[in-house]
Structure formats: C-alpha cells, structure tokens
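Position 189, counted from 1, in the sequence shown is what the UniProt record's numbering calls 189; the numbers after and before it change by one each time, with no gaps. For glycine and all other residues, C-beta sits at the position ideal for the given N, C-alpha and C. Note that the coordinates shown come from a computational prediction; the quantities given were computed from them, not determined experimentally. Scroll down for the structure; my scribbles are underneath it.
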Amino acid sequence: MNSRKIYKKTLWVFVTTAFTVVSCSEDWLTPKPLSFYEPGIALSNAEGMYSALTTLERNMRHEYFGDNAPILTEIIQSEVAVEGTTDKAGPQMDMDVALLPDAQLNHTDFTKVGWYWYEGYKGVKYANTIISRIDNAEFGSEEERNAVLGSAYFHRAYRYFKLTHQFGDIPYLDWEIEAPKYDFYSYDRWGILERMKKDLEFAYQWVPEVVDRGRTSKAACGVLLMKVCMVLGDFDRAIAVGKEVVGKHPLMRNRFTPNQGKPNTNLMFDLHSVEAKLDMSNTEGLMYVVSYPEEEGSDRIQTMRNAVPFWNSGNIKTPDGQTGTSIAPAAGETDPEMDLNKSYGRGIGRLRPTWYFTNEIWRADKEANDLRGIRNRDSWRRMEDLRYNAPGLKTSGSPWYGKNFEKPASMSVEDTIRTWFSWPHYKLFVPDPLQTQWQGGETPWYIYRSAEVYLLLAESYYWKDQFTLAAEALNEVRTRAGAEPLTAGDVNIGEILDERARELYYEENRHIELVRISYIYAKTGKPCEIFGGRTYNLQNLSGPGGTGANVKQEGVNFWYDRVVARSNFYNKGVKHKWAEYKVSVHHILWPVPANAINTNIKGVINQNIGYPGAERNVEPLPVPEEGTVLGPQAGE
C-alpha cells in the first residue's frame, strides 16, 4: 500500500479516538477532565498502534506549514534571518520585550516560542500513550512490537531533544498520565538526554529501514541518535552511526525528476521539488513530513508567503514614481515572468535573511559555481531580477513596463527590511495551483537528509580534532553542489555552520543547532577558534540573571557570540518605527510560559535564568538511569 493510501485511511482515525484522553489546549499543565473513551480499545493491535504513530508523524508537519510557521521562530533566533514584519508592534525583534514569560508566546503576529512548549509536550504525551500500552496490544511478531515501540521512542526523543535545547531543564514525563496532575517538577536536561540515548539505540535497532513516505525510518532514528550522542560527548558513536546511514543512503548526485527537462533548473531544483519528495528512488531523503496535493487533511507550506520579499506591498515603484507591481498580470500578457505571483510566489517578507546568509557565505572563489548560491541565477532571485508588471504601466505606455526593478535611493530602512532582499528560489518555490495567490502549496518536506548526516560527521570529527576527516565529510556535500573542496586547514566551527546554512536553510532548527553546539563547547571546554580561543562553561551559560539581566556581553555562551557576530541586525542599532533588533545572552534558552508555571500549584517548574521568576527555581531532579518516573516502579 502506498503512503498516500495509508495516510488517507489512518490520518483521521486516531485523532478522534485514542488520544482524546490526553487531548489538551495550549496549556498542557492545566488539568483537563478525562474522556469517557478508553484508548486501550484503539491501541489493542498493530493497526491501532500504527494509527497512533500516524498522528505523531502528522503533528510534526505543523512546525513547517502555514503562515508564520513555527520553524520561522527557530530560524529567527539565529544568525541567518530576522523577523521582517515591520508594519506592527509585537513581532519578535526586540527579544528583551518579545521573550518574556507572560508575553504572547504563541501567536502568528508575535512568536511561536510557546508553540514549541505546548506542542512538544503534546507529542511526548502521545508517544507515552503508545509506550505505556505496548504490552497490552497484540502483534504478529516480536519484531513488529519492537518496531512500533522504537518509533514511539523516536517521537518522544524528537520532542525532548527540541525541548531540552529550547528550554533547558524541563518536566520529564515518561508514562501516560491518566488523572489531573498539579505537581510537575523540572528535571536535569542531561539525564533526560541520557535516557533518550538509550531509547534511540533501541529504535535504531528495531525500526525498519524501508518505510512509506512520512513514516519513521531507521535512518531517521540514526540522525537523532547522532545528535544526542554528540551533545553528550560520545562522538565515536555518532560517527559510527553516521557512516552506516550514509552508506545505505547516498546523496543524489544526478538529476532525477521530470524537472530536468525544464529550462533554468538544476540538480538543486530537482532535490527540493515536490516531485523529488514524492519519488521513492530518492535515496537522500531520510524522513519527511507529508502533505499531498489535493489530498484530504493536507496543508499548504506557504514558504513563499513567509520567506519571499513583499514585492506587492505598494512600496515598489518605478523610478518615475508609479506603482510598479501587481498580483494579476496585464491582460493579454504572455511572458510568464511577468506573472510575479506564479513565477516567484506572493511573499510578505516575514522571514528576512541576513547579509551573512545572502552574501557572506557565498565567497567569490570557493562558492563561485555553487548551485545553491546567490551567484547561480537559476537558483537564487534578487529583487533586480523581477520586472515591473503593473497593468497600468502597460496601458499608459510607460517605458518602465517589463523593465527590471531598480532600488529607489530613498527607500526607507523599514521598506528595505521587508521588501528588498535576495532569496533561495530553488528551495522556497512550491507551486500553489489551487490558489489565486501563490504562497506555497501542498508538498512533503524534508526533516532529515543524508546531506545533514555528512555535516554531522564533519562536526563530530571537528570535536575530535580530526580535521582531514572533517574536510572529507564537508566536501561530500560541497562538491555535489559544485563548490570548491576544502582542506583540513580550512576546517573550523564557523566553516561547518556556514555549510549547514548553505545546505539546510528552512530545513534545520537553526537555533537548536547553535544551542547544541553551545552546550558542547561549555561541557568540553574546547577553545573556540573563531572567537580567538574563547572558552565557555556550563555554570553561567545563560548569564548572571537577576534584575536587569538583559546582558549583552561577549564570552558568556557561543549562541550569543555567533548570532551577534554574524547578524547585521541584532544589537547593531537597526530599528524601524515599531522596534529595534536586540538579543541578550540569556535568550539562548527561551522562557517557560508563565501559565505553565503558575497553574502547577503543587510542584515547581523552573524558569530559565534571565527571565522573571527564575529567583524561585529549585534544584532540578535527576532522571533515574532505569525504571520510570511516572509509570510502574521496580517490584510492582
């Protein structure tokens, strides 16, 4: 049975049955009345269990899809992009204001920090329901049971990996909660990750290699296991797993989709097209979230709305002051490039890339022929590539109709932020044929690819000071794209992060990856060569805290140093009428939503250092090496 049929059959089944007992709104800590429905009926066999896993896999999709998708928050809290919505107060620009525990933390017009908290624990609870009931279900074999259990372990670890790198020490739930609970406590993040490593080793052993599109695969378990091993300092295990994954899942090095016959396309277009993500011969894709065109329960990714400039804002005018753009082309126009809407997507510039991403990482020598880069005019688009298409220009006989955009010398900073920047067209363009305004339609989306595995291998070798091997791993990705190979002497953490930016924009959780690296620096004490041999430690990772904790001082954590050093927005005095772009050292970790803490009346959930409420913190609890915290205890 193909993946479309599986998802049509199972996507809705478990949503309305098994998980009603643990359903929740945004406030996952607020006790809810239990449903009268008994999920044990739905979870009594393999089919019910796989339906439950389908719900977990479907929920992963929400991070990437829709207007101001949560992934934008992850990208904005890094050095590759900033919030571009300049027409209102509220969007996450001044983090000293936007990231407060009692601020609006889960809203399209503000930030999605709170979304990660609420949805993360929703996923944990769903996975725990499967895990706690695994031995009450009937399976055709031990292998089938372990495959289901391994997949549930993966999904729980997937959420905990995000939560521990976004919020630090957090409540640890390891079993189904069947009654209202008011006494959650924060647990040590390192202990949580150690338990997730054990779970992922089990998953990597038992989850199948070949699965339907959108299902959890063995390779996906391997990628997450690599990341957990790396942050725990087990680089040898990460390398061993990475070699196994890329050995079975080679990069796509030749054109392989029907798009290869289209003009102005290349291998990168192939790899990131809808067709490639549907193609079962694609060996590079390791895990996807799925949304199929015209299928029930589908969703639109809206990458173009989010990350393409707001070219139709009304601020793009011809040099003689006339309105320059229109969503609808002029009557009788036959040149497809004059339909800006369908050629590039109707963007509103929510995600504004930094100069670092659009220019610095694309060097004139080493990335001159990089298919992913700004010098490749098929892959990238600049505002100067677009042409004035307003119908009024044509009817009036204006000489500017059909001419390329020219940036007005008087364009304000505010307009420049939102309406004038370059973007990776090859990755963001998703046809949206069912809509009048093309903002990004239905498509599967990569969660993990083999390209990232090579980059994780390179980083693991970096931590082990094996720079020749690190360069070899980086070059697997670079040479595929047409970039010049690197030498061992070129390798440093900046080069590795630059390559991740080139390859994984709008795919990776960029903030989490920077935080993961920050923890490794702090845990190992390894000098950071790109900051003059600076060292970090775990004791003051978030800064001093206390009153006036908005510290902007280098040397406290790697995340802050990297973001401020590479972003041309944060802490540079860039402002518009609503806000100034600011970050502080404690924003490495996000605030736990105040409501989650305040409704937990019999326990203590710690607030992160630097935010109001952290003065009431207590020592986080240790996670036991064996057994459960909330489930059956030893001897029961």
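Local conformation of Met226 per DSSP, three classes: As a first step, residue 226 is located in the sequence shown; it is residue number 226 there, counting from the start. Residue state, collapsed to three classes: helix.
Since Val246 is in the alpha helix (DSSP H), which residue starts that stretch and which ends it? Taking the first residue of the sequence shown as 1, we reach residue 246 at position 246. 235-248 is the extent of the alpha helix (DSSP H) around Val246.
Taking contact to mean 3 or more Cβ pairs, one atom from each stretch, closer than 8 Å, check whether the region 454-462 and the region 300-316 are in contact. no
For the 8 Å Cβ check, are there 3 or more pairs between the region 615-631 and the region 161-178? yes
Alpha carbon to alpha carbon, what distance is there between Arg133 and Pro632? Stepping through the sequence shown from its first residue, residue 632 is reached at position 632. Stepping through the sequence shown from its first residue, residue 133 is reached at position 133. Using only the alpha carbons, I get a separation of about 12 Å.
In the DSSP output, what is Thr323 paired with across the bridge? Residue mapping note: residue 323 aligns to position 323 of the sequence shown, counting from 1. Looking at the DSSP assignment, Thr323 forms a beta bridge with Lys317.
In the DSSP assignment, what are the bridge partners of Leu621? Position 621 of the sequence shown, counted from the start, is the residue given in the question as residue 621. Tyr187, per the DSSP bridge assignment.
In the DSSP assignment, what are the bridge partners of Trp423? In the sequence shown, the residue the question calls residue 423 occupies position 423. Note: Trp423 sits in a beta bridge opposite Arg381.
Taking the beta strand (DSSP E) that Met49 falls in, what are its first and last residues? Within the sequence shown, residue 49 is the residue found at index 49, counting from 1. Annotation for Met49: no beta strand (DSSP E) segment contains it, though the alpha helix (DSSP H) segment containing it runs 46-61.
Given that a residue counts as buried once 16 or more other Cβ atoms are within 10 Å of its Cβ, and exposed if not, what is Tyr182? Residue 182 sits at position 182 when you count from the first residue of the sequence shown. Counting Cβ neighbours within 10 Å, Tyr182 comes out exposed, since fewer than 16 surround it.
Could you give the DSSP three-state label for Tyr288: helix, strand or coil? Counting from 1 along the sequence shown, the entry for residue 288 is found at position 288. In this structure, Tyr288 counts as strand in the three-state DSSP scheme.
Within this structure, are the beta carbons of Lys526 and Gly233 separated by less than 8 Å? Here residue 526 is taken as the residue at index 526 of the sequence shown, counted from 1. Here residue 233 is taken as the residue at index 233 of the sequence shown, counted from 1. Not closer than 8 Å, so no.
Spell out a yes or no on whether the region 569-583 and the region 135-152 are touching, meaning 3 or more CB-CB pairs, one atom from each, closer than 8 Å. no
Measure the alpha-carbon distance for residue 711 versus Leu351 and round it to whole angstroms. There is no way to answer for residue 711, as the model of the chain reaches only from 1 to 636.
Of the residues Asp299, Tyr172, Val241, which one's Cα is nearest the Cα of Trp445? Here the question's residue 445 lines up with position 445 in the sequence shown. The residue with the shortest Cα to Cα distance from Trp445 is Asp299.
Let's test the definition: count the other Cβ atoms within 10 Å of the Cβ of Thr216 and tell me whether it reaches 16, buried, or not, exposed. As a first step, residue 216 must be located in the sequence shown, where it is residue number 216. Classification for Thr216: buried.
Evaluate Lys32 with the Cβ neighbour count: other Cβ atoms within 10 Å of its Cβ, from every protein chain shown; 16 or more gives buried, anything less gives exposed. As a working mapping, residue 32 is identified with position 32 in the sequence shown. Here Lys32 scores only 39 on pLDDT, less than 50, and its place in the model is too uncertain to base an answer on.
If Phe558 sits next to Ile609, beta carbons under 8 Å apart, how far is it from one beta carbon to the other, in whole angstroms? Against the sequence shown, residue 558 aligns to sequence position 558. Against the sequence shown, residue 609 aligns to sequence position 609. With 8 Å as the limit, Phe558 and Ile609 do not qualify as a contact, their Cβ atoms being about 16 Å apart.
Taking three-plus beta-carbon pairs below 8 Å as touching, is the region 431-444 in contact with the region 266-285? yes
Tell me the rounded alpha-carbon separation between Asn600 and Pro593. As a first step, residue 600 is located in the sequence shown; it is residue number 600 there, counting from the start. As a first step, residue 593 is located in the sequence shown; it is residue number 593 there, counting from the start. When rounded, the separation of the alpha-carbon atoms in Asn600 and Pro593 is 12 Å.
Among Thr164, Arg346, Ile496, Thr487, which one has its Cα closest to the Cα of Arg195? Locating residue 195 in the sequence shown gives position 195, where the first residue counts as 1. Among Thr164, Arg346, Ile496, Thr487, the Cα nearest to that of Arg195 is on Thr164.
Measuring from the CB of His249, is there a heavy atom of the ligand ZN at a distance below 7 Å? Annotation note on the ligand ZN: not contained in the displayed structure, which lists no ligands.
What does a CB cutoff of less than 7 Å around Thr16 pick up in its chain, not counting 5 residues either side in sequence? For this step, residue 16 is matched to residue 16 along the sequence shown. With a pLDDT of 28 at Thr16, under the threshold of 50, the modelled position of that residue is not reliable, and no figure is offered here.
Helix, strand or coil for Arg534? Go by DSSP, reduced to three states. Here residue 534 corresponds to residue number 534 of the sequence shown, with the count starting at 1. Correct three-state label for Arg534: strand.
Within this structure, are the beta carbons of Trp578 and Ala103 separated by less than 8 Å? Your numbering for residue 578 matches position 578 in the sequence shown. Your numbering for residue 103 matches position 103 in the sequence shown. Going by C-beta atoms, Trp578 is not nearer than 8 Å to Ala103.
Quick one: what does DSSP say Pro391 is sitting in, helix, strand or coil? Locating residue 391 in the sequence shown gives position 391, counting from the first residue. Here Pro391 sits in helix by DSSP.
Any chance you could list the alpha helix (DSSP H) runs of at least 4 consecutive residues sitting entirely within the region 470-517, in chain order? DSSP runs (the alpha helix (DSSP H)) wholly in the region 470-517: 493-504.
In the DSSP assignment, the alpha helix (DSSP H) including Leu455 goes from what residue to what residue? Looking up residue 455 in the sequence shown gives position 455. In the DSSP assignment, Leu455 falls within the unbroken alpha helix (DSSP H) covering 450-463.
Helix, strand or coil: which one does DSSP assign to Leu351? Looking up residue 351 in the sequence shown gives position 351. Of the three classes helix, strand and coil, the one that applies to Leu351 here is strand, per DSSP.
Does DSSP put Leu630 in a helix, in a strand, or in coil? Taking the first residue of the sequence shown as 1, we reach residue 630 at position 630. If DSSP states are grouped into helix, strand and coil, Leu630 belongs with coil.
Proximity below 8 Å, CB of Leu43 to CB of Met49: Reading the sequence shown from its first residue, position 43 is the one you call residue 43. Reading the sequence shown from its first residue, position 49 is the one you call residue 49. A contact, by the Cβ cut-off of 8 Å.
Does the contact criterion of 3 or more C-beta pairs under 8 Å hold for the region 75-93 versus the region 578-588? yes
The region 308-316 touching the region 421-433, judged by at least three CB pairs closer than 8 Å: yes
Is it the case that the Cβ atoms of Gly84 and Gly332 are separated by a distance below 8 Å? Mapped onto the sequence shown, residue 84 falls at position 84. Mapped onto the sequence shown, residue 332 falls at position 332. No, they are not a contact pair.
DSSP three-state assignment for Ile588, whether helix, strand or coil: In the sequence shown, the residue the question calls residue 588 occupies position 588. Helix at Ile588.
Beta-bridge pairing of Lys582 - partner residues as DSSP gives them: As a first step, residue 582 must be located in the sequence shown, where it is residue number 582. Looking at the DSSP assignment, Lys582 forms a beta bridge with Asp94.
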